[in-house]
Amino acid sequence: MNYHITHRTLYEYAAPVSVSHHVARLEPLVTATQSRDSFSLQIFPEPALRKARTDYFGNQLCFFAIQEIHSKLEIITHSRVTVQPRKPAQNESTTPWESVAEMFRDPVSPEVVEPYQFVFDSPQIRASLELADYARESFGAETPLLAGARDLTRRIFEDFKFDPRATTVATPLEEVWVKRRGVCQDFAHLGIAFLRSLGLPARYVSGYLRTRPPEGKPRLVGVDASHAWFSIFSPGNGWIDFDPTNNVQPAEEHITVAYGRDFGDVSPVAGILTGGGAHEVKVSVDVEPLE
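Residue 1383 in the working numbering sits at position 25 of the sequence shown; the count goes up by one each step and never skips.
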C-alpha cells in the first residue's frame, strides 16, 4: 500500500518568542516492511540553524533553532511511503512466555542484548506487582508469547475506554490505570508496562494510522492523527506490533515513524523557548492512500 502523508503542526503563542530550539521526529522509518520514497520538512519562520541526524534508537531527527521574534511556529511535512503486507506470526506456536522472560535475566546472551534494554523501567513507565497480576490473566502457564500478547491487547481494548478528554500527554500511567480511560498513547504505555512487569521486552511505537470514512461518506482531509501502539520482542520473529486502541495486529494501514522506551523518546516535536507565555497547538494529519 502506498501513502502520501501530510502532517501540519501550528504553535500560536500568547506573547512573542525571541528564540527557540526544537527537535522534530516526523520522518517515517525504513523497516523490513516499509520504505520511505520521499520526505520533506518545512519550517516557518525559517530556522537560523537546522541539522539532521539519527538518534540512539535509529529514529530520524531534525534539530532547528529560530533566532528571530515570532508569534507562530508552523511545521509541515510531506511523506510518501510504501507499506508491504507483514507476514503474520504464528501466535499459538511461539515460545512459552516464561522461557522468553528467562532469556532476559542476567546474564543475557549476545543475541538478545538489543531488546534487553526494553525490559527495564523508563521515565514514563514503571513495572509493578499489580500490573503483573493483571497481565498474568493473559499469560498463564506455558502460554505462547504472542498468543498472550494478543489476548492482552484484546483485554486492554475491552477494559479501558477511549476518551480524548480523560488524559493529556503529561498524565501519569498510574492515573490511567485507576481511571481505566485514555487515548492511544496511554494504551501503548499500559501494554508495555504489563509486559515489562512480567520481565518481557516491549517498546513504544509512534506513527500514523489510515482511517476509513463511514460507508458512503467522502474521505475528509486533515482529520487523521498521530497514532501509537506497542511492540514485543519474540525470539525467532523479532519485534511484533500490537495495537490495543483498535484491538489489531498492525499490518498495511499502520505507518511507523519512530520507536523508543516510551513517548518521551518519540515525541513528534519538542523544544525550549524564551518568551511565548501560554500557547495553543493545532495538529492536522492526512493519510492519503495512493493507487
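We treat Cβ as the ideally placed atom computed from N, Cα and C, and that holds for glycine. The model shown is predicted, which means the values in this text are computed figures rather than measured ones.
One or two residues paired with residue i in a DSSP bridge
i, result
"His1673", "What the structure shows of the chain is the stretch from 1359 to 1649, and residue 1673 is not part of that stretch, so it cannot be assessed."
"Asp1644", "Thr1364"
"Ala1505", "Paired residues: none, contrary to the question."
"Lys1409", "Phe1421"
"Tyr1371", "His1637"
"Ala1382", "Cys1420, Val1627"
"Phe1600", "Phe1588"
"Leu1431", "Tyr1369"
"Gly1622", "DSSP, once it has assigned bridges, lists no residue as partnering Gly1622."
"Tyr1617", "Val1563"
"Ser1480", "Ile1483"
"Thr1632", "Val1377"
"Gln1301", "The structure shown has nothing for residue 1301, since the chain only spans 1359 to 1649."
"Phe1497", "Phe1497 pairs with nothing; no bridge assigned."
"Val1606", "Asp1601"
"Phe1520", "Gly1540"
"Pro1454", "Pro1502"
Classification of residue i by the beta-carbon crowding that lies within 10 angstroms, buried from 16 upward
i, result
"Ser1457", "exposed"
"Ser1398", "exposed"
"Pro1468", "exposed"
"Arg1523", "exposed"
"Ser1311", "Nothing can be reported for residue 1311, as the shown portion of the chain is limited to 1359 through 1649."
"Thr1452", "buried"
"Tyr1301", "The first residue shown for the chain is 1359 and the last is 1649, placing residue 1301 beyond what the model contains."
"Arg1408", "exposed"
"Gly1618", "buried"
"Gly1596", "exposed"
"Thr1435", "buried"
"Thr1632", "exposed"
"Arg1561", "buried"
"Ile1424", "buried"
"Gly1594", "exposed"
"Asp1464", "exposed"
"Arg1411", "exposed"
"Phe1478", "exposed"
"Leu1648", "exposed"
"Thr1603", "buried"
"Gly1580", "Confidence at Gly1580 is low in this model, with a pLDDT of 48, below 50, so its placement is unreliable and no value can be given for it."
"Pro1608", "buried"
"Gln1482", "buried"
"Gly1665", "Outside the shown range of the chain (1359 to 1649) lies residue 1665, about which nothing can therefore be said."
"Gln1392", "buried"
"Phe1621", "buried"
"Ile1598", "buried"
"Leu1384", "buried"
"Asp1322", "Residue 1322 is absent from the structure shown; the chain starts at 1359 and stops at 1649."
CB-CB length for residue i against residue j, believed under 8 Å
i, j, result
"Gln1543", "Ala1583", "Actually they are not in contact, since the Cβ atoms of Gln1543 and Ala1583 sit about 11 Å apart, beyond 8 Å."
"Val1624", "Ser1564", "4 Å"
"Ile1590", "Leu1548", "Ile1590 to Leu1548, Cβ: 13 Å. No contact."
"Ile1613", "Ile1427", "Incorrect: roughly 36 Å between the Cβ atoms, too far for contact."
"His1380", "Ala1628", "7 Å"
"Val1615", "Tyr1361", "Actually they do not touch by this definition, with Cβ atoms about 12 Å apart."
"Gly1540", "Asp1521", "7 Å"
"Pro1530", "Ala1382", "Not quite, the Cβ-Cβ distance comes to about 25 Å (not below 8 Å), so this is no contact."
For the region 1540 to 1587, list the beta strand (DSSP E) runs that are entirely contained and at least 3 residues long, ordered along the chain.
Annotation note: the region 1540 to 1587 contains the following uninterrupted beta strand (DSSP E) runs of length 3 or greater, listed N- to C-terminal: 1560 to 1567.
Are three or more beta carbon pairs between the region 1539 to 1556 and the region 1496 to 1513 nearer than 8 Å?
Proximity of the region 1539 to 1556 to the region 1496 to 1513 meets the contact definition, three or more beta-carbon pairs being nearer than 8 Å.
Any contact between the region 1364 to 1371 and the region 1416 to 1424? By contact I mean 3 or more CB pairs, one from each, below 8 Å.
No, the region 1364 to 1371 does not touch the region 1416 to 1424.
Any 3 or more C-beta pairs closer than 8 Å across the region 1419 to 1438 and the region 1373 to 1387
Touching, yes, given that three or more Cβ pairs across the two stretches are closer than 8 Å.
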